[in-house]
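Structure record follows, encoded as structure tokens.
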Amino acid sequence: MALYNAGNDVSLNNTNDLSNDTHIYEDLSIIPLEKDGFAICELCGRVGRRGQFYPRNNKFCSLRCHASSTRRRYCNWRYKLMEGAEHMAGLIPLEPLPQLQHWQANFNDLQAGPIKHSAALVANSYEWKDELFGCDFLAAPVSLFKHAPLHEMWDNTFEGMKVEVKNTDCENFSEKLNDYFWVATVLKVKGYMGLLRYEGFGSDDSKDFWVNLCCSEVHPVGWCATRGKPLIPPRSIEDKYTDWKKFLVKQLTGARTLPANFYTKLNDSLVSRFSIGSIMEVVDKNRISQVKVASVCEIIGKRLHVKYYDSSPEDNGFWCHEDSPLIHPVGWAFRVGHPLDAPQSYCQRVAAGRYIPNDTTPEMFYKYPSDEPPLFSEGMKLEAIDPLNLSAVCAATVMQILNEGYMMIRIDCYPADASGADWFCYHQRSPCIFPVGFALSNNIPLVPPAGTSAEQFRWEEHLQGAGAAGRTLFAARGHVVSHGFVAGMRLECADLMDPRLVCVATVARVVADLLKVHFDGWGSEYDQWLWAHSTDVYPVGWCRAVGHRLEGPLQPPPRAARRPPARAARQRRKFLLNLPTQPKRVLKIQT
Numbered sequence: 005m006a007l008y009n010a011g012n013d014v015s016l017n018n019t020n021d022l023s024n025d026t027h028i029y030e031d032l033s034i035i036p037l038e039k040d041g042f043a044i045c046e047l048c049g050r051v052g053r054r055g056q057f058y059p060r061n062n063k064f065c066s067l068r069c070h071a072s073s074t075r076r077r078y079c080n081w082r083y084k085l086m087e088g089a090e091h092m093a094g095l096i097p098l099e100p101l102p103q104l105q106h107w108q109a110n111f112n113d114l115q116a117g118p119i120k121h122s123a124a125l126v127a128n129s130y131e132w133k134d135e136l137f138g139c140d141f142l143a144a145p146v147s148l149f150k151h152a153p154l155h156e157m158w159d160n161t162f163e164g165m166k167v168e169v170k171n172t173d174c175e176n177f178s179e180k181l182n183d184y185f186w187v188a189t190v191l192k193v194k195g196y197m198g199l200l201r202y203e204g205f206g207s208d209d210s211k212d213f214w215v216n217l218c219c220s221e222v223h224p225v226g227w228c229a230t231r232g233k234p235l236i237p238p239r240s241i242e243d244k245y246t247d248w249k250k251f252l253v254k255q256l257t258g259a260r261t262l263p264a265n266f267y268t269k270l271n272d273s274l275v276s277r278f279s280i281g282s283i284m285e286v287v288d289k290n291r292i293s294q295v296k297v298a299s300v301c302e303i304i305g306k307r308l309h310v311k312y313y314d315s316s317p318e319d320n321g322f323w324c325h326e327d328s329p330l331i332h333p334v335g336w337a338f339r340v341g342h343p344l345d346a347p348q349s350y351c352q353r354v355a356a357g358r359y360i361p362n363d364t365t366p367e368m369f370y371k372y373p374s375d376e377p378p379l380f381s382e383g384m385k386l387e388a389i390d391p392l393n394l395s396a397v398c399a400a401t402v403m404q405i406l407n408e409g410y411m412m413i414r415i416d417c418y419p420a421d422a423s424g425a426d427w428f429c430y431h432q433r434s435p436c437i438f439p440v441g442f443a444l445s446n447n448i449p450l451v452p453p454a455g456t457s458a459e460q461f462r463w464e465e466h467l468q469g470a471g472a473a474g475r476t477l478f479a480a481r482g483h484v485v486s487h488g489f490v491a492g493m494r495l496e497c498a499d500l501m502d503p504r505l506v507c508v509a510t511v512a513r514v515v516a517d518l519l520k521v522h523f524d525g526w527g528s529e530y531d532q533w534l535w536a537h538s539t540d541v542y543p544v545g546w547c548r549a550v551g552h553r554l555e556g557p558l559q560p561p562p563r564a565a566r567r568p569p570a571r572a573a574r575q576r577r578k579f580l581l582n583l584p585t586q587p588k589r590v591l592k593i594q595t
């Protein structure tokens, strides 16, 4: 009887060469993958027998891949050789395919594992798996989220790949090995979730399962061999083939698998440019007309948890993405003329141009064009998304022009506050402000100024009574770049009225480059109008991939008939807080 270990074929005469911790199995159902018997094409990622690869170093699966790689190396060599020449100024060196870069059998890369998640953070987190089996489930592709990990390579990479995953259809676990694995094929991809089928099931879909492709359950082919873990066929089909090893060789020849450095690239894509302790200026959640000095105390998937300088221990602080327009570098308020709440020592050192290592700098933030002339003047009328009720587009007024294209506006549907506490800062290029008539032309209900009913409000009449300044309207928005979102797409979205929460959501409507996002199970009054490129929306499976808790629907949707009901997700509550300066305004903000 042949004996196998998880890395190489071992005969009885060679057992003395094994280390003491090498496990030898007499059970022929345990099929290893031989690390030295397979090769992976450096260019296209195909898996095959090492002896059939080209040239002698076994790097390429075909002469075509070998010739293509030679051409790429030649172009890069010429570029480096003539880098200073004028006629080479526009030549860009060719790079390997992004999803298969440096795919040579670098087993050190295989040692890089997925991100370790805090059990407390993902406890009772909502699972998409039951909904994914629905025929009408439409997940927004990862490529639509330019801030999402690996967005540039994700959608065209995984379908048809072979991977090694945990074998849950297995009995009699060994005491020395706490998990067994088998090879599976990725059939479909929805967001970061993949539908997998174990090799050997053919067209039988009874054991198909969804798994997050970024989690610790998914590995490239060859991972088990490097870790000394056995490959065991599922119990349901263990008698289907007499020679499972021959079957696997046939299935894997010419197949693709994950890049060896997949987890390394995933982890790198989640590294924030900020660090714990970074100091910045953040919109004050209790007085939106000012920014407040705060510092970063936690980072999850480039989402920052910041706490204000004078926060009490009970204050949960504020959550936002690192590309959010609500955060700014140290000194921003002084530079643009925005109200600031900060310690006196902070104001003194910033005014004197003295900075400390933890201060954030302008280079760490997105910068609008600063050389364009102002497009607005005080008193202009416009339409804007209400920052305190993101489901509403309201009539608004420009109250003050700041520097660098920023301005303070006031939502006109609320009673005026003499202190200016109800003003909010928008940049003149913000996607959340619109010309007069935008709502009407796009069939969006417009919330009129206070004291006017929506049925009776007409912009023409209102502008006549607003004076000359009010009649000056800014130009229509520029060209809208196609974004790919359509109504009905499912995603995960931060609740900006309680931004520590990321919730299950659906695109309810698309207007130009705006998305109306609906939180599943909640009323339409909790919907949010968001820019299509907002960093507050994420693909299905993002929370699981980065270790963030996902809030489920208020009322879970019907389960697919083929799956047993899962554990009910913890319900999400909306918290209400009255603004101190406006006791009649009700906010949904968690403090």
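Counting in our numbering, the sequence shown runs from 5 upward without gaps.
C-beta: ideal position from N, C-alpha, C; glycine also.
Got a sec, what are the start and stop residues for the alpha helix (DSSP H) residue i sits in?
{"i": "Trp186", "result": "Segment 185–194 is the beta strand (DSSP E) holding Trp186; no alpha helix (DSSP H) there."}
{"i": "Leu136", "result": "133–136"}
{"i": "Lys249", "result": "248–256"}
{"i": "Thr230", "result": "227–231"}
{"i": "Phe442", "result": "442–445"}
Given a cut-off of 8 Å, decide if residue j and residue i are closer than it, judged by their beta-carbon atoms.
{"i": "Phe213", "j": "Leu200", "result": "yes"}
{"i": "Leu379", "j": "Gln460", "result": "no"}
{"i": "His487", "j": "His552", "result": "no"}
{"i": "His325", "j": "Lys296", "result": "no"}
{"i": "Leu558", "j": "Gly525", "result": "yes"}
{"i": "His151", "j": "Asp272", "result": "no"}
{"i": "Ile292", "j": "Pro391", "result": "yes"}
{"i": "Phe619", "j": "Pro543", "result": "Any question about residue 619 goes unanswered here, given that the chain covers just 5 to 595."}
{"i": "His332", "j": "Gly321", "result": "no"}
{"i": "Trp533", "j": "Leu394", "result": "yes"}
{"i": "Ser240", "j": "Cys547", "result": "no"}
{"i": "Asp540", "j": "Leu500", "result": "yes"}
{"i": "Val215", "j": "Val169", "result": "yes"}
{"i": "Gly527", "j": "Thr510", "result": "no"}
{"i": "Pro224", "j": "Phe266", "result": "yes"}
{"i": "Gln255", "j": "Glu203", "result": "yes"}
Assuming residue i and residue j make a contact with CB atoms under 8 Å, what is their CB distance in whole Å?
{"i": "Val287", "j": "Leu330", "result": "4 Å"}
{"i": "Ile415", "j": "Ala425", "result": "Their Cβ separation, rounded to whole angstroms, is 12 Å, which puts Ile415 and Ala425 out of contact at 8 Å."}
{"i": "Pro503", "j": "Trp323", "result": "4 Å"}
{"i": "Glu382", "j": "Val340", "result": "Glu382 to Val340, Cβ: 16 Å. No contact."}
{"i": "Phe278", "j": "Thr364", "result": "7 Å"}
{"i": "Lys211", "j": "Asp173", "result": "6 Å"}
{"i": "Trp132", "j": "Gly545", "result": "7 Å"}
{"i": "Ala143", "j": "Gly198", "result": "Not really, about 11 Å apart at Cβ, beyond 8 Å."}
{"i": "Cys228", "j": "Leu217", "result": "In fact, because the Cβ distance is near 17 Å, the residues do not count as touching under 8 Å."}
In this structure, how does DSSP classify residue i when only helix, strand and coil are distinguished?
{"i": "Asp272", "result": "helix"}
{"i": "Ala71", "result": "helix"}
{"i": "Tyr350", "result": "helix"}
{"i": "Ala298", "result": "strand"}
{"i": "Cys417", "result": "coil"}
{"i": "Ile241", "result": "helix"}
{"i": "Phe149", "result": "coil"}
{"i": "Arg548", "result": "helix"}
{"i": "Glu496", "result": "strand"}
{"i": "Phe266", "result": "helix"}
{"i": "Ala355", "result": "helix"}
{"i": "Tyr530", "result": "helix"}
{"i": "Pro453", "result": "coil"}
{"i": "Leu558", "result": "coil"}
{"i": "Arg566", "result": "Because the pLDDT at Arg566 is just 47, under 50, the model does not fix this residue reliably, and the point stays unresolved."}
{"i": "Trp323", "result": "strand"}
{"i": "Trp535", "result": "strand"}
{"i": "Trp1", "result": "As shown, the chain starts at 5 and ends at 595. That puts residue 1 outside it, with no answer to give."}
{"i": "Tyr130", "result": "coil"}
{"i": "Ile437", "result": "strand"}
{"i": "Val490", "result": "coil"}
First and last residue of the beta strand (DSSP E) that includes residue i?
{"i": "Arg307", "result": "307–312"}
{"i": "Ala337", "result": "Careful: Ala337 lies outside any beta strand (DSSP E), inside the alpha helix (DSSP H) at 336–340."}
{"i": "Cys429", "result": "427–431"}
{"i": "Phe141", "result": "Phe141 -> no beta strand (DSSP E), and no H or E assigned at all."}
{"i": "Trp463", "result": "First-last for Trp463: 463–468, but that is the alpha helix (DSSP H), not the beta strand (DSSP E)."}
{"i": "Glu168", "result": "166–170"}
{"i": "Leu518", "result": "518–523"}
{"i": "Phe213", "result": "213–216"}
{"i": "Gly198", "result": "197–202"}
The ligand SAM and residue i: does the residue's C-beta get closer than 7 Å to at least one heavy atom of that ligand?
{"i": "Gly551", "result": "Among the components modelled here there is no ligand, and therefore nothing to report on the ligand SAM."}
Ordered list of beta strand (DSSP E) runs contained in the region 357–404, each at least 3 residues: Listed in chain order, the complete beta strand (DSSP E) runs (minimum 3 residues) inside the region 357–404 are 385–390.
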